[in-house]
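Q: In my numbering, the protein residues as written are 29 to 472.
All C-beta atoms in this analysis are idealised placements derived from N, C-alpha and C, irrespective of residue type, glycine included.
What you are looking at is a predicted structure, and each value in this text was computed from that prediction instead of being measured.
Encoded as structure tokens, here's the structure I'll be asking about.
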Amino acid sequence: MNVTVENLAPCKKLVRIDLDAAAVDAAFAEVEKSFTKEASLPGFRPGKAPRDLVLKKYEAEITAEVKRKLIPDAYRQAVKEQNLNVVGYPDIEEIQFARGQALQFAATLETAPEFTLPEYRGLPTKRETSAVTEADVERALGMLRDRQANFQKLDRAAQDGDFVVVNYTGTCDGKPISETAPTARGLTEQKAFWIELKKDSFIPGFSEQLTSAKAGDQRAVNIDFAADFVTKELAGKKGVFAVEVVEVKERTLPAMDDAFAKTYGAEDLAKLRAGVRADLQNELNSKQTRDLRNQVAKGLLDQVACELPESLVAQETRNIVYQIVQENQGRGITKEAIDQQKDQIYGAANLGAKERVKASFVFQRVAEKEGIKVSREEINQRIYALSQSYQMAPDKFVKELEKRDGVSELYGQLLNEKVIDFLQQHSKIEDVAPAAAPLVAPAA
């Protein structure tokens, strides 16, 4: 067999394969023998029909079977001989095939990227030496207290600290806000929306204009959206909200005592406080671990520059676009609004896809060097956990995964997690003081 390889791109090759006529004839002989043994023709017992009659009747089927066997076998042999690390499936074309002649065809395929794996042990990381403070505990207890607040409807005018329930519609430049910012549907219209009358509780400058309002009042609230407003399309613009005050409510909070603690299953307030502190410490530890994992992953990947197989990037881009669309639809964003953002969505998805694909190749190399593997038991455990979260029977969940090659994807996710665990465990950790909170300019 003669094989030539042409580089079309960094991860794309054209492989031409030429299998001599003798090998083709041998394959025909083998298939013809099989057909002769099994063929059933009128007037003959199965396997007893004359060979020439069998070949005449099944000529097309025999030729198709030889072709079906020879091309994949020759392709696999060529890939092995040329030591090609193929990803995905090849495009087979330019097939020349006939009895008594050489088999010739071309395969366009993609290969894994070539790169030098940098040193991955001892990656530098920084861990903030944060600690749970009394202020943190008090803030968390305050949130628990807020959950048990009672709200009483008032007949008086609203004051600072009260809550108002409103209906509103928002416009920008005289048009509904959603026409300027398609994703900002919540700013376009709301019914029975609760706003606490305190500084910057909603949009800066909004709640202050509702002080002294009573139920039934109609107010026009004028807003100057900040230059760094979270919805970029509105940044630096002016908005007008037509607000109807439905109700004014006063909040009362329960006393912070042992009785309050018991409502959360604690013996007394001291035990509740200790439990809250422990929960906050666990959250802090989890955050530190996430930060370290992100640092080692980024630290390694940033050292690798390589081209990537286009088909894998395209497939992963489609997966991410699908996820983004599903999440946005789940938030109530219309298809029209999503379509208006399709270029931005695709751009973000493509960048994310390139990072994911590169990570899969780099982490796979680390796994090979360190003997990191994922067991069948680990896959089954993850499948079971996911099936429970989706409230599905495990066997049904597996069938859903298999429809989209999800088991292989799950294997890749688990392998990446184990590699990142390894990188974190072998990183060099420097404890540093927590970064100072950014200064916020006072309101004018």
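Determine the closest residue to Glu60 out of Lys95, Pro38, Phe72, Lys40, with distance taken between C-alpha atoms.
A: Stepping through the sequence shown from its first residue, residue 60 is reached at position 32. Nearest of Lys95, Pro38, Phe72, Lys40 to Glu60, Cα basis: Lys95.
Q: What first and last residue would you give for the beta strand (DSSP E) that runs through Thr136?
A: In the sequence shown, counting from the first residue as 1, residue 136 sits at position 108. Element bounds for Thr136: 131-139.
Q: Over the uninterrupted beta strand (DSSP E) stretch that includes Asp46, give me the two end residues.
A: Your numbering for residue 46 matches position 18 in the sequence shown. Run containing Asp46: 40-47, per the beta strand (DSSP E) assignment.
Q: Ile407 to Ile348, Cα distance in whole Å?
A: Working through the sequence shown from its first residue, we reach residue 407 at position 379. Working through the sequence shown from its first residue, we reach residue 348 at position 320. Each residue's Cα considered, the two are about 23 Å apart.
Q: Could you name each continuous beta strand (DSSP E) segment of 3 residues or more that falls completely within the region 244-284, going from the start of the chain to the end?
A: The region 244-284 contains these whole beta strand (DSSP E) runs: 246-252, 266-280.
Q: Apply the 10 Å Cβ neighbour rule to Val468 and answer buried if 16 or more other Cβ atoms are within range, or exposed otherwise.
A: Taking the first residue of the sequence shown as position 1, residue 468 is located at position 440. Below a pLDDT of 50, predicted positions are generally treated as unreliable, and Val468, at 40, falls in that range; no measurement from the model is reported.
Q: If we count Cβ pairs, one from each stretch, closer than 8 Å, do we get three or more for the region 205-212 versus the region 221-231?
A: No, the region 205-212 is not in contact with the region 221-231.
Q: Provide the residue span of the beta strand (DSSP E) that contains Gly214, from first to last.
A: As a working mapping, residue 214 is identified with position 186 in the sequence shown. Segment 213-216 is the alpha helix (DSSP H) holding Gly214; no beta strand (DSSP E) there.
Q: Quick check: the Cα distance between Ala54 and Glu89, rounded to an integer number of angstroms?
A: In the sequence shown, counting from the first residue as 1, residue 54 sits at position 26. In the sequence shown, counting from the first residue as 1, residue 89 sits at position 61. Cα to Cα, the separation comes out at about 17 Å.
Q: What three-state label does DSSP hand Lys382 in the structure shown?
A: To locate residue 382, count along the sequence shown from 1; it is residue 354. DSSP places Lys382 in helix when its eight states are reduced to three.
Q: So the alpha helix (DSSP H) Val332 belongs to, where does it begin and stop?
A: What you label residue 332 is simply residue 304 of the sequence shown in a count that begins at 1. No alpha helix (DSSP H) holds Val332; DSSP gives it neither H nor E.
Q: Run the CB neighbour count on Ile223, radius 10 Å, all protein chains shown included, and call it buried at 16 or more, exposed below.
A: Stepping through the sequence shown from its first residue, residue 223 is reached at position 195. That one is buried.
Q: Could you pull out every residue in the same chain whose Cβ sits closer than 6 Å to the Cβ of Lys154, ignoring the five residues on either side in sequence?
A: Walking along the sequence shown from the start, residue 154 turns up at place 126. Counting only Cβ-Cβ distances below 6 Å, and skipping sequence neighbours, we find Glu458, Val460.
Q: Just to confirm the assignment: which complete beta strand (DSSP E) runs, minimum length 3, are found wholly within the region 161-218?
A: For the region 161-218, whole beta strand (DSSP E) runs of length 3 or above, ordered along the chain, are 178-182, 191-200.
Q: From the DSSP secondary-structure annotation, give me the bridge partner or partners of Asp459.
A: Locating residue 459 in the sequence shown gives position 431, counting from the first residue. Beta-bridge pairing links Asp459 to Arg155.
Q: Is Tyr148 helix, strand or coil by DSSP?
A: As a first step, residue 148 is located in the sequence shown; it is residue number 120 there, counting from the start. Looking at Tyr148 - three-state DSSP - the assignment turns out to be coil, as it is neither helix nor strand.
Q: Between which two residues does the alpha helix (DSSP H) harbouring Asp296 extend?
A: Numbered from its first residue, the sequence shown carries residue 296 at position 268. First-last for Asp296: undefined, no H or E at that position.
Q: Let's test the definition: count the other Cβ atoms within 10 Å of the Cβ of Val258 and tell me whether it reaches 16, buried, or not, exposed.
A: Within the sequence shown, the letter at position 230 stands for residue 258. So Val258 ends up on the exposed side.
Q: If you check the beta carbons only, do Pro146 and Val332 fall under 8 Å apart?
A: By 1-based counting over the sequence shown, the position of residue 146 is 118. By 1-based counting over the sequence shown, the position of residue 332 is 304. Yes. Within cutoff.
Q: Unbroken beta strand (DSSP E) runs of length 3 or more, entirely within the region 395-468: which are they?
A: Within the region 395-468, the complete beta strand (DSSP E) runs of at least 3 residues are 456-460.
Q: Work out the CA separation of Asn111 and Asn30 for me, nearest whole Å.
A: Position 2 of the sequence shown, counted from the start, is the residue given in the question as residue 30. Position 83 of the sequence shown, counted from the start, is the residue given in the question as residue 111. Spanning the two alpha carbons is a distance of roughly 15 Å.
Q: What is the C-beta distance between Thr345 and Ala381, in whole angstroms, given that I count them as a contact (C-beta under 8 Å)?
A: Position 317 of the sequence shown, counted from the first residue, corresponds to residue 345. Position 353 of the sequence shown, counted from the first residue, corresponds to residue 381. The pair is a contact, with the Cβ atoms about 4 Å apart (cut-off 8 Å).
Q: Which residues mark the beginning and the end of the alpha helix (DSSP H) in which Asn347 is found?
A: Position 319 of the sequence shown, counting from 1, holds the residue named residue 347. Unbroken alpha helix (DSSP H) run through Asn347: 338-358.
Q: Considering just the uninterrupted stretch of the alpha helix (DSSP H) at Ile90, what are its terminal residues?
A: Start at 1 with the first residue of the sequence shown, and residue 90 comes out as number 62. Ile90 -> alpha helix (DSSP H) spans 87-109.
Q: State whether the region 129-147 contacts the region 38-45, with contact taken as three or more CB pairs (one from each stretch) at a distance under 8 Å.
A: Yes, the region 129-147 is in contact with the region 38-45.
Q: If the criterion is Cβ atoms closer than 8 Å, does the pair Val82 and Phe63 meet it?
A: In the sequence shown, residue 82 corresponds to position 54, counting from 1. In the sequence shown, residue 63 corresponds to position 35, counting from 1. Cβ distance < 8 Å, so Val82 and Phe63 count as in contact.
Q: Could you check whether Ala49 and Ala130 sit closer than 8 Å to each other, using their CB atoms as the reference points?
A: Within the sequence shown, numbered from 1, the residue matching residue 130 stands at position 102. Within the sequence shown, numbered from 1, the residue matching residue 49 stands at position 21. Closer than 8 Å, so yes.
Q: Label Thr291 either buried or exposed according to how many other C-beta atoms from any shown protein chain fall within 10 Å of its C-beta, with 16 as the threshold for buried.
A: Residue 291 sits at position 263 when you count from the first residue of the sequence shown. Exposed, by the Cβ-count rule.
Q: Rounded to a whole number of angstroms, what is the C-alpha to C-alpha distance between Gly327 and Thr216?
A: Working through the sequence shown from its first residue, we reach residue 327 at position 299. Working through the sequence shown from its first residue, we reach residue 216 at position 188. Each residue's alpha carbon lies about 42 Å from the other.
Q: Quick one: Cα of Gln246 to Cα of Asp190, how far?
A: Residue mapping note: residue 246 aligns to position 218 of the sequence shown, counting from 1. Residue mapping note: residue 190 aligns to position 162 of the sequence shown, counting from 1. Looking at the two C-alpha atoms, the distance is approximately 18 Å.
Q: Which class does Phe230 belong to by DSSP, given the choice of helix, strand or coil?
A: Within the sequence shown, numbered from 1, the residue matching residue 230 stands at position 202. Residue state, collapsed to three classes: coil.
Q: Pro78: buried (16+ other C-beta within 10 angstroms of its C-beta) or exposed?
A: Here residue 78 is taken as the residue at index 50 of the sequence shown, counted from 1. Classification of Pro78: exposed, given that the 10 Å Cβ count is below 16.
Q: What residues match up with Ile223 in a beta bridge as DSSP calls it?
A: As a first step, residue 223 is located in the sequence shown; it is residue number 195 there, counting from the start. DSSP output for Ile223 lists Val192 as bridge partner(s).
Q: Going by DSSP, what residue range makes up the beta strand (DSSP E) through Ala37?
A: Counting from 1 along the sequence shown, the entry for residue 37 is found at position 9. Unbroken beta strand (DSSP E) run through Ala37: 30-37.
Q: Can you give me the C-alpha to C-alpha distance between Leu312 and Ala168, rounded to a whole angstrom?
A: As a first step, residue 312 must be located in the sequence shown, where it is residue number 284. As a first step, residue 168 must be located in the sequence shown, where it is residue number 140. Distance between the alpha carbons of Leu312 and Ala168 is about 13 Å.
Q: Do Gly434 and Ser388 have their CB atoms nearer than 8 Å?
A: Within the sequence shown, the letter at position 406 stands for residue 434. Within the sequence shown, the letter at position 360 stands for residue 388. No. Outside cutoff.
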